[in-house]
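See structure below.
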Ligand SMILES: Nc1ncnc2c1ncn2[C@@H]1O[C@H](COP(=O)(O)OP(=O)(O)OP(=O)(O)O)[C@@H](O)[C@H]1O
Ligand SMILES: [Mg+2]
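In my numbering, the protein residues as written are 44 to 312.
Below is the structure:
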């Protein structure tokens, strides 16, 4: 069966304390899952240190698995040159946790969009006008316009706006997969839902698949088709999001859900 992304028995062992460090830590152990050809939002949830970002880094080709294999569109993910990286990033784009780290504070945000348009467009390099058009189209997909962000520096936008500009930038190469590692954890709670809703729209309108890594079970429940729950580097539970979160089978998933419900209760009380 064809799959957009397939992880087969992926394990990642880090050596802590640098090259000469002695302590080995298994950040991810024997993880297998796949995304089909149909657009899908898959959430990966788990406590701090459970291996979520390590999975993301392997999917993005930023680090290689110690064992196992990752395939994207039927090909093993292996990046050895700048050309390979660029070709891969045309298909798989990251969305980072902190949008303020994704942008140089001294550079106007529209410049990033134009540069990405020039770097990633197929065929002839777009001229200024075409690059502006591409930026504007991408910004529309995230509910902004070029007019609104033109000439602005990162600090002149809110965290939520800047995260949306970062997502617009990720859309410009017309990727098939976004890997968003805690994309809303730095965003005000009141704006989180707007960004998470945006993921649902991008899936439906652009046919994008999204891996959404989060601590936030509520948004994961709301937006994702499928969910994976990780603990200590392993997958402990997986399935349709509603089924897993309505009726968690694993003791850890239940504890995670109870913790979220208790926090919500505290917030209301
Ligand atoms: N570059 C690295 N070198 C050594 N150990 C690492 C490295 N990156 C991660 N680890 C270790 O691997 C384990 C998994 O880390 P990872 O960042 O994947 O977890 P996470 O689920 O993303 O956590 P968080 O929710 O805090 O972001 C942790 O024990 C971490 O200390
Ligand atoms: Mg992480």
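Using N, Cα and C, we set each Cβ at its ideal position, and we do this for glycine too.
* In the DSSP assignment, find the beta strand (DSSP E) that holds residue 50 and state where it starts and stops. => Translated into the one-based positions of the chain shown, residue 50 becomes position 7. Run containing residue 50: 48-59, per the beta strand (DSSP E) assignment.
* Asked: With residue 291 and residue 206 assumed to form a contact (beta carbons below 8 Å), what rounded beta-carbon distance in angstroms separates them?
  -> The sequence position of residue 291 within the chain shown is 248, counting from 1. The sequence position of residue 206 within the chain shown is 163, counting from 1. Contact between residue 291 and residue 206 is ruled out by a C-beta separation of about 29 Å, above the 8 Å threshold.
* To do: May I ask you to list the residues that DSSP assigns as paired with residue 118?
  => In the chain shown, counting from the first residue as 1, residue 118 sits at position 75. DSSP output for residue 118 lists 115 as bridge partner(s).
* Kindly give me the distance between the Cβ atoms of residue 219 and residue 267, rounded to whole angstroms, as I take these residues to be in contact under 8 Å. => For the purposes of this step, residue 219 is taken as residue 176 along the chain shown, with counting starting at 1. For the purposes of this step, residue 267 is taken as residue 224 along the chain shown, with counting starting at 1. Their Cβ separation, rounded to whole angstroms, is 17 Å, which puts residue 219 and residue 267 out of contact at 8 Å.
* **Whole-angstrom distance between residue 228 and residue 311, CA atom to CA atom** => The residue you call residue 311 lines up with position 268 of the chain shown. The residue you call residue 228 lines up with position 185 of the chain shown. Residue placement at residue 311 is flagged as unreliable, the pLDDT there being 47, under the threshold of 50; the coordinate-derived value follows with that caveat. Taking the straight line joining both Cα atoms gives about 20 Å.
* To do: Mark residue 177 as exposed unless 16 or more other C-beta atoms lie within 10 angstroms of its C-beta, in which case mark it buried.
  => Taking the first residue of the chain shown as 1, we reach residue 177 at position 134. Counting other Cβ atoms within 10 Å of its Cβ, residue 177 reaches 16 or more and is therefore classed as buried.
* **Distance between residue 65 and residue 146 (C-alpha atoms, nearest Å)** => Numbered from its first residue, the chain shown carries residue 146 at position 103. Numbered from its first residue, the chain shown carries residue 65 at position 22. A direct Cα-Cα distance of roughly 36 Å separates residue 146 from residue 65.
* Asked: Mapping DSSP to helix, strand and coil, what is residue 76?
  -> If you number the chain shown from 1, residue 76 lands on position 33. Strand at residue 76.
* Asked: Can you list, in chain order, the residues of its chain whose CB lies under 7 Å from that of residue 10, leaving out five sequence neighbours each side?
  -> Given a span of 44 to 312 for the chain in the structure shown, any question on residue 10 remains unanswerable.
* Any residues whose CB sits closer than 7 Å to a heavy atom of ligand 2? List them in chain order? -> Matched residues: 95, 96, 224, 225, 256.
* Asked: How about the region 256-266 and the region 51-71: do they share at least three Cβ pairs that are nearer than 8 Å?
  -> Contact annotation: the region 256-266 does not touch the region 51-71, with fewer than three C-beta pairs closer than 8 Å.
* **Alpha carbon of residue 115 to alpha carbon of residue 204, nearest angstrom** => For the purposes of this step, residue 115 is identified with residue 72 of the chain shown, where counting begins at 1. For the purposes of this step, residue 204 is identified with residue 161 of the chain shown, where counting begins at 1. Looking at the two C-alpha atoms, the distance is approximately 30 Å.
* Residues that residue 313 bridges to, as DSSP identifies them -> Look at the range of the chain in this structure, 44 to 312, and you will see that residue 313 is not part of it.
* Asked: DSSP state of residue 295, grouped into three classes?
  -> In the chain shown, the residue the question calls residue 295 occupies position 252. Helix.
* Asked: Under 8 Å between the Cβ atoms of residue 276 and residue 79?
  -> To locate residue 276, count along the chain shown from 1; it is residue 233. To locate residue 79, count along the chain shown from 1; it is residue 36. It is not a contact, given that the beta carbons lie outside the stated cut-off.
* At which residues does the alpha helix (DSSP H) containing residue 185 begin and terminate? -> Looking up residue 185 in the chain shown gives position 142. Counting along the chain, residue 185 falls outside any alpha helix (DSSP H), and DSSP gives it neither H nor E.
* Strand pairing of residue 255, partner residues [DSSP] -> Translated into the one-based positions of the chain shown, residue 255 becomes position 212. Residue pairing by DSSP places residue 255 opposite 86, 223 in a beta bridge.
* Measure from the alpha carbon of residue 140 to the alpha carbon of each residue in 180, 102, 210, 270, then state which is nearest. => Mapped onto the chain shown, residue 140 falls at position 97. For the residues 180, 102, 210, 270, the minimum Cα distance to residue 140 belongs to 210.
* In the structure shown, what three-state DSSP assignment does residue 168 receive? -> Position 125 of the chain shown, counted from the start, is the residue given in the question as residue 168. If DSSP states are grouped into helix, strand and coil, residue 168 belongs with coil.
* **Any non-hydrogen atom of ligand 1 closer than 7 Å to residue 92 Cβ** => Against the chain shown, residue 92 aligns to sequence position 49. Relative to ligand 1, the nearest heavy atom lies less than 7 Å away from the CB of residue 92.
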